[in-house]
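Structure, as structure tokens:
Protein chains: 2
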Amino acid sequence: MILKQAAAQAVFSTEKMGKVSLGAGEHLYAGLNCFEPGQQHAAHVHADQDKLYVVLRGSGEASVGEETAAVTVGDVVLAPAGVPHGLRNSSAERFVVLVVFGPPPKKD
Amino acid sequence: MILKQAAAQAVFSTEKMGKVSLGAGEHLYAGLNCFEPGQQHAAHVHADQDKLYVVLRGSGEASVGEETAAVTVGDVVLAPAGVPHGLRNSSAERFVVLVVFGPPPKKD
Chain A
142 MILKQAAAQA VFSTEKMGKV SLGAGEHLYA GLNCFEPGQQ HAAHVHADQD KLYVVLRGSG
202 EASVGEETAA VTVGDVVLAP AGVPHGLRNS SAERFVVLVV FGPPPKKD
Chain B
142 MILKQAAAQA VFSTEKMGKV SLGAGEHLYA GLNCFEPGQQ HAAHVHADQD KLYVVLRGSG
202 EASVGEETAA VTVGDVVLAP AGVPHGLRNS SAERFVVLVV FGPPPKKD
């Protein structure tokens, strides 16, 4: 699957962060987290999944464990299983982040 | 781990594609493939790993299965386990691609 300009598939909601599924294999899942200004995905933990973020559009703030930093297009965040992580759109523009899970979320 | 401007960690070689490891958890590995003009990573298969590419710098050509397309910054490629895939720098500029494996390559 070749996805030109993945960020163009972003879906936004005024209520909460938008989520878009891009694709998955047996071992990896790829999607988008889409933030209006001020929205966040509060710090949370996945016990059995590693997560990788790649900022595709805009800028915001990322946290992983004790680390917090401003992030922008081209920045990469890796949160190993068990480590709390979150994202926040602290900017005045929309913020779109590619999210990769390994392994994919369970369908139940 | 928060990596500002991951593409800045690229390492190039005149002999062949440069490879850089960025980090890994138990389930995911992240690195860079770094291409001088004309270099390629010929189509190949991983039987038990999914691979995801995100173009971070420059432009080139990606193939996945029967699909081939020009790719540039912000494009995403997903190659499920068992599907041949490759990259080629068909441009006159350096080309840097984030590579994600799930699960990580075996250390042996």
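Protein sequences appear in the order of chains A and B. For the first sequence, my numbering begins at 142 and goes up steadily by one. For the second sequence, my numbering begins at 142 and goes up steadily by one. Quick reminder that beta carbons are idealized off the backbone N, C-alpha and C, glycines included. From a predicted model like this one, the values you see are computed outputs, not experimental measurements.
- Item | Cβ neighbour criterion (16 or more within 10 Å) applied to A/S162 | exposed
- Item | Contained beta strand (DSSP E) runs [length at least 3] in the region 147 to 204 of chain B, N- to C-terminal order | 159 to 165, 170 to 176, 181 to 185, 191 to 198
- Boundaries (first-last residue) of the beta strand (DSSP E) holding B/V212: 208 to 213
- Within chain B, the residues that A/V183 reaches when beta carbons sit closer than 9 Å: Position check: residue 183 of chain A holds Ala in this sequence, whereas Val was assumed. Near A/A183 there are no residues of chain B at all, since even the closest Cβ is about 17 Å away, more than 9 Å.
- Query: Would you say B/G164 reaches chain A, if we count a Cβ-Cβ gap shorter than 9 Å as a contact?
  - Reply: yes
- Message: If the criterion is Cβ atoms closer than 9 Å, does the pair B/H168 and B/K192 meet it?
- Response: no
- Item | Contact belief for A/A183 with A/A222 at Cβ below 8 Å, rounded distance in angstroms | That pair is no contact at about 18 Å.
- Taking A/A321 as the query, report the chain B residues whose CB atoms sit under 9 Å from its CB, ordered along the chain. With chain A represented from 142 up to 249, any question about residue 321 of chain A goes unanswered, as that position is not in the structure.
- Query: Three-state secondary structure (DSSP) at A/A220?
  - Reply: strand
- Mind checking whether the beta-carbon of A/Y170 lies closer than 8 Å to any heavy atom of the ligand ADP? Ligands in the displayed structure: none, and consequently the ligand ADP is not present.
- Message: Against chain A, does B/V238 count as a neighbour if the rule is that its beta carbon must be under 9 Å from one of theirs?
- Response: no
- B/F236: which of B/T213, B/F242, B/P244 sits nearest, CA to CA? B/T213
- Query: chain A partners of B/V212, CB-CB under 9 Å?
  - Reply: I143, K145
- Give the single residue among B/A148, B/G179, B/S154 whose Cα lies nearest to the Cα of B/Y194. When each option's Cα is compared against that of B/Y194, the closest is B/A148.
- For B/P246, is the classification buried or exposed, using 16 other Cβ atoms within 10 angstroms of its Cβ as the cut-off for buried? exposed
- Determine the direct distance from the alpha carbon of A/K160 to that of A/N174, and round the result to whole angstroms. 5 Å
- Close beta carbons around A/E234, own chain, < 6 Å, minus the five adjacent residues each side: Cβ neighbours of A/E234 beyond the five flanking positions: G199.
- Message: Could you compute how far the alpha carbon of A/F153 sits from the alpha carbon of B/T155?
- Response: 44 Å
- Message: Taking 9 Å as the threshold (beta carbon to beta carbon), is B/G159 in contact with chain A?
- Response: no
- Task: Measure the alpha-carbon distance for B/K145 versus A/T209 and round it to whole angstroms.
- Result: 12 Å
- Task: Since I believe B/G201 is in contact with B/S231 (beta carbons under 8 Å), could you give me their beta-carbon distance rounded to a whole number of angstroms?
- Result: 5 Å
- Query: Nearest-angstrom Cα distance between A/G215 and B/L239?
  - Reply: 10 Å
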